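A.B. asks: Residue numbers for the sequence shown follow this note's numbering, so the first one is 27 and each next one is one higher.
Note that the Cβ used here is the ideal one computed from N, Cα and C, for glycine as well.
Just so we're clear, the structure is a prediction, and the values are computed from it rather than from any experiment.
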Amino acid sequence: MYAKQEISSPYWHLVVGLIVIAFATRIPLLGSRIPLLGFLIGLIVMLAGLGALFMTWKSVYDESRGG
27 MYAKQEISSP
37 YWHLVVGLIV
47 IAFATRIPLL
57 GSRIPLLGFL
67 IGLIVMLAGL
77 GALFMTWKSV
87 YDESRGG
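1) For residue 73, which residues of its own chain have a beta-carbon under 7 Å away from its beta-carbon, when the five flanking residues on both sides are left out?
2) Tell me, to the nearest whole angstrom, how far the beta carbon of residue 41 is from that of residue 71; I am working on the premise that it is less than 8 Å.
3) Is residue 75 buried or exposed, if buried means 16 or more other CB atoms sit within 10 Å of its CB?
4) What would DSSP say about residue 92, mapped onto helix, strand or coil?
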């Protein structure tokens with residue numbers, strides 16, 4: 027049960043990251059003059075989600091090996 031709670035959080039990070047990236051180029055955060063900024067923020071969110079997912083997988087994998 028503890029591992030299930032940890033895994034759910036990175037998945038939410040990934041979902042939010044995908045949504046932000048999907049709309050970043052169409053709805054920039056600071057107006058139409060800076061469309062790249064919205065994309066970069068979305069990319070950072072996505073990378074953070076991937077990092078969290080990897081760390082969660084690594085901790086669950088280490089626990090399953092008995093470490």
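C.D. replies: This is what the structure gives:
1) Counting only Cβ-Cβ distances below 7 Å, and skipping sequence neighbours, we find nothing.
2) Residue 41 to residue 71, Cβ: 10 Å. No contact.
3) So residue 75 ends up on the buried side.
4) When DSSP states are grouped into helix, strand and coil, residue 92 belongs to the coil group.
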